[in-house]
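Participant:
Shown next, in the form of structure tokens:
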């Protein structure tokens, strides 16, 4: 039920305890048995969604041959979000303005940058100061923005078309194409 509230296409609206209880059909006392407040509720739902997505990405990438890992990672992101668009709305909707969830989005983006770089070590070497290059952030942000545009129907195409386009762009700018990678 939490994902229904937070992953609604128009956002959760005014995220208050009253809203959560009305939409879920719970009495406030039952809500407080699981969560201290609405922010803890929002964080729990967000973390659950991101952990599920991350787990899928990691297992599919680990099972792929090295040259197929980009496709495995991109495919898992697009397919999970297409299978449950509420997750995509939670991660990418412009209507999601709850300050706690905005902070969680930034944290998730940093985690995805690290995860992406971990699996593509040959592309994303750490700088002398130990930080990931700007390009790793750019790629994760660009893929996220493209998926969001597709989710919001600003970009036309099927799931497979989006996957192919993203993979083609990433591979076209791989390590053999740039000294920046």
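In this note's numbering, the protein residues as written are 3 to 183. By construction, the Cβ of each residue, glycine as well, lies at the ideal position given by its N, Cα and C atoms.
(1) In whole angstroms, what separates the C-alpha of residue 32 from that of residue 101?
(2) From residue 113 to residue 158, what distance separates their C-alpha atoms?
(3) Going by the CB atoms, is the gap between residue 92 and residue 173 shorter than 9 Å?
(4) Short check: CB of residue 107 to CB of residue 98, under 9 Å?
(5) Among the candidates 115, 136, 151, 84, whose CA atom is the shortest distance from the CA of residue 162?
(6) Out of 18, 96, 73, 79, which has the shortest C-alpha to C-alpha gap to residue 37?
(7) Are the CB atoms of residue 55 and residue 79 nearer to each other than 9 Å?
(8) Taking all protein chains shown into account, do 16 or more other C-beta atoms lie within 10 angstroms of the C-beta of residue 62, making it buried, or fewer, making it exposed?
(9) With distances taken Cα to Cα, identify the nearest neighbour of residue 142 among 130, 169, 65.
(10) Near residue 10, which residues of its chain fall below 7 Å by C-beta distance, leaving aside the five closest residues on each side in sequence?
(11) Look at the Cβ atom of residue 51, then the Cβ atom of residue 65, and state whether they are nearer than 9 Å.
(12) Is residue 148 closer than 9 Å to residue 137 when the C-beta atoms are compared?
(13) Threshold first: 4 residues or longer. Then list the alpha helix (DSSP H) segments lying entirely within the segment 17 to 95, N to C.
(14) Identify every run of the alpha helix (DSSP H) within the segment 131 to 172, keeping only runs that are complete inside it and at least 4 residues long; order them along the chain.
(15) Quick one: using the 10 Å Cβ neighbour count with 16 as the cut-off for buried, is residue 57 buried or exposed?
(16) How about residue 13 and residue 95: are their beta carbons less than 9 Å apart?
(17) Rounded to a whole number of angstroms, what is the C-alpha to C-alpha distance between residue 42 and residue 145?
(18) Does DSSP put residue 181 in a helix, in a strand, or in coil?
(19) Considering residue 101, what are the terminal residues of the alpha helix (DSSP H) in which it resides?
Facilitator: Reading it off the structure:
(1) 24 Å
(2) 28 Å
(3) no
(4) yes
(5) 84
(6) 18
(7) yes
(8) buried
(9) 169
(10) 91
(11) no
(12) no
(13) 19 to 26, 30 to 36, 40 to 65, 71 to 85, 87 to 94
(14) 136 to 153
(15) exposed
(16) yes
(17) 28 Å
(18) Confidence at residue 181 is low in this model, with a pLDDT of 44, below 50, so the placement of that residue should be treated as unreliable; the coordinate-derived value is given next. Note: residue 181 maps to coil in three-state DSSP.
(19) 101 to 121
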